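Q:
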Amino acid sequence: MKVADKKLPANVTDLRSHKGETPEDKAFELIIEPRPRVPIKKLLYVGENSRRICRDMIELDYLGLSLSTSFKAYCWLEKMSLSYAWSLKMEQPCDDLPDAVICDETLPDGDAFSLFDQIRKDEHLRTLPFIVISEKADKSARLKALKAGVDDFYPVSVNPEFVHNRISFLKEFKKETIRLQTEAAPMPEFRVPPGKRIFDIAFSFILLTLMSPILLLIALIIKLESKGPVFYVAKRAGTGYRIFDFYKFRSMRTGADKELEKLIHLNQYTATAEESTLVAKELCIDCIVNGISCTSQIEKNGVKVCEKQTLTKGNGANGNSFVKIDNDPRITRFGRFLRNTSLDEMPQLFNVLIGDMSIVGNRPLPLYEAEQLTTDLWSKRFLAPAGITGLWQVTQRGRAEMSEEQRKQLDVAYVDSGGFLSDMKILLLTIPAIFQRKSV
1 MKVADKKLPA NVTDLRSHKG ETPEDKAFEL IIEPRPRVPI KKLLYVGENS
51 RRICRDMIEL DYLGLSLSTS FKAYCWLEKM SLSYAWSLKM EQPCDDLPDA
101 VICDETLPDG DAFSLFDQIR KDEHLRTLPF IVISEKADKS ARLKALKAGV
151 DDFYPVSVNP EFVHNRISFL KEFKKETIRL QTEAAPMPEF RVPPGKRIFD
201 IAFSFILLTL MSPILLLIAL IIKLESKGPV FYVAKRAGTG YRIFDFYKFR
251 SMRTGADKEL EKLIHLNQYT ATAEESTLVA KELCIDCIVN GISCTSQIEK
301 NGVKVCEKQT LTKGNGANGN SFVKIDNDPR ITRFGRFLRN TSLDEMPQLF
351 NVLIGDMSIV GNRPLPLYEA EQLTTDLWSK RFLAPAGITG LWQVTQRGRA
401 EMSEEQRKQL DVAYVDSGGF LSDMKILLLT IPAIFQRKSV
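So for the sequence shown, our numbering puts the first residue at 1; every next one is plus one.
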């Protein structure tokens, strides 16, 4: 059959009729009409078990690259990341990156979790869904995967349709999560003004020098009254949640921290009935959202609340952010005198000298209290210096009934209105507050 007689496909244009061209010309051209471009879905499979899933995913229009070790996988991903970064720089986005990584839990040169740690350090790779496949998807293996932070963890027999749906969801979810984290405004950093710092150093040094004989006498009495160290040293969260060693004269018997759970019902910071009702409603709503019907309830301040959610709040502090035991039986006789006169706080002058604290500010908190104050409103109290005395000490200290909301509001109020004149006023009001009649 001659070339001229050959029937051409419908999507091919015959250019033989163009001027100067004949069917016999070697320059005979066929131009095929372009078809609509179909997006290519690509997966990287790492390990033998993942390769089995590769065959199933082909039916869902996925193309797969299978590699045997984490080293090969990371080298390939690193090249794809560089290629993707270059395309962005040239303003010609490409689709070199896979849609997801499916990896065996155990690999010849390590495990999936070490590969995941490497991947999430790369700004272009960290958005990739990372799915781990395991032959032993038991409880301990799932817990390990959860701690590692991988996106999903499945047995080898997982349904490929389910994997496809999860990849589609995770691609958008991870991109949006990282975008929100990038756009989130960082917490402003507090810096002690130079004038306040100079005052703190001078005041604490003079006070320590003048009171050194009294401090030595206190240390001797503590040592004679009960066994244990002279100083109580604990971790506290101060400015910007910074953790430091906090010093006080010991006013309790040794091992008092272990007895706290038994005495929590004496906590001085109690919520009002109205606040308790609000908490109860919030907790029950939380249970409903999570598919739990609050079947297990306990009595709290005369109101029934969800036991599961109550136990997760407060870290043993009965749901309150602050803990202060009324007439604490753990305090020694001399320790009670130290507390009522605030002499137990004197070693904190050393904290002021080294820069952990200031003379006036918000009290540094035990870690179990600080970890509960993470909302935008209450975390604001950490934008003030950690102080020996503060606004709440001169207004509410020693009162029998004190709401934790009042305490938090006073801490935030100090951040908003604090200044040199305000500090001097608080310092002057601290003197009469020291000689109060009530035990604290």
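We put the beta carbon where it would ideally sit given N, CA and C, even for glycine. Here the structure is a predicted model, which means the values were calculated and not measured.
(1) Tell me, please, whether the region 198 to 208 touches the region 76 to 87 by the rule of three or more beta-carbon pairs shorter than 8 Å.
(2) I'd like the list of long-range same chain contacts for E59, defined as Cβ closer than 8 Å, with 5 residues on each side in sequence excluded.
(3) Between the region 330 to 340 and the region 189 to 200, do three or more beta carbon pairs fall short of 8 Å?
(4) Answer with buried or exposed for I32, where buried requires no fewer than 16 other C-beta atoms within 10 angstroms of its C-beta.
(5) With C-beta atoms as the reference, is V150 less than 8 Å away from F113?
(6) Is the region 89 to 96 close to the region 50 to 68, with three or more CB pairs under 8 Å?
(7) For V415, which residues in the same chain have their Cβ closer than 7 Å to its Cβ, ignoring the five residues on either side in sequence?
(8) Return the chain-ordered list of same chain residues with a C-beta closer than 8 Å to the C-beta of M57, the five sequence neighbours on each side being excluded.
(9) What is the DSSP secondary structure of P129, counted as helix, strand or coil?
(10) What residues are listed by DSSP as bridge partners for F244?
(11) In this structure, how does DSSP classify V360 when only helix, strand and coil are distinguished?
(12) Quick check: what's the CA-CA separation for T254 versus F420?
(13) Go through its chain and collect everything with a Cβ distance to F130's Cβ below 6 Å, but skip five positions before and after it.
(14) In angstroms, rounded to a whole number, what distance separates the CA positions of D488 and A73?
(15) Using a 10 Å radius around the Cβ and a threshold of 16 neighbouring Cβ atoms, would you call E369 buried or exposed?
(16) Could you say which of W392, R120 and S68 lies nearest to T106 if we only look at CA atoms?
(17) Nearest to R336 by CA position, among E225, P432, K425 and A413, is which residue?
(18) Check A137 in the structure and name its three-state DSSP category.
(19) When the distance is taken between beta carbons, is Q406 closer than 8 Å to T430?
(20) What's the gap between the Cα of L170 and the Cα of T127?
(21) Beta-carbon separation of D356 and F249 under 8 Å?
(22) Of the residues P364, P155, D96 and S66, which one's Cα is nearest the Cα of D245?
(23) Is the beta carbon of D109 closer than 8 Å to that of F71?
(24) Identify which residue in I133, P229 and T389 has its Cα closest to the Cα of L349.
A: The structure says:
(1) Taking 8 Å as the limit for Cβ pairs, the verdict is that the region 76 to 87 does not touch the region 198 to 208.
(2) Taken in chain order, the residues that qualify are P160.
(3) The region 330 to 340 and the region 189 to 200 do not touch, with fewer than 3 CB-CB distances between them shorter than 8 Å.
(4) With a pLDDT of only 44 at I32, under 50, the local geometry of the prediction cannot be trusted, and the value read off the model is given with reservation. Exposed, since its Cβ has fewer than 16 Cβ neighbours within 10 Å.
(5) Note that the C-beta distance between V150 and F113 is below 8 Å.
(6) By the Cβ rule, the region 89 to 96 does not count as touching the region 50 to 68, because fewer than three pairs are nearer than 8 Å.
(7) K380, R381, L383 and A384.
(8) L43, G64, P160, V163 and H164, listed in sequence order.
(9) Under the three-state reduction of DSSP output, P129 falls in the coil class, being neither helix nor strand.
(10) DSSP, once it has assigned bridges, lists R236 as partnering F244.
(11) DSSP places V360 in strand when its eight states are reduced to three.
(12) One C-alpha to the other measures close to 39 Å.
(13) Excluding positions up to five away in sequence, the list reads V101, F116, V150 and D151.
(14) Residue 488 is absent from the model: the chain starts at 1 and stops at 440.
(15) By the neighbour-count rule (16 or more Cβ atoms within 10 Å), E369 is buried.
(16) For T106, the closest alpha carbon among the candidates W392, R120 and S68 is that of S68.
(17) When each option's Cα is compared against that of R336, the closest is E225.
(18) A137 sits in coil when the DSSP states are folded into three classes, being neither helix nor strand.
(19) For T430 and Q406, no; Cβs fall outside 8 Å.
(20) Their Cα atoms are separated by approximately 9 Å.
(21) No. Outside cutoff.
(22) For D245, the closest of P364, P155, D96 and S66 by C-alpha to C-alpha distance is P364.
(23) For F71 and D109, yes; Cβs fall inside 8 Å.
(24) Cα-wise, what sits closest to L349 is T389.
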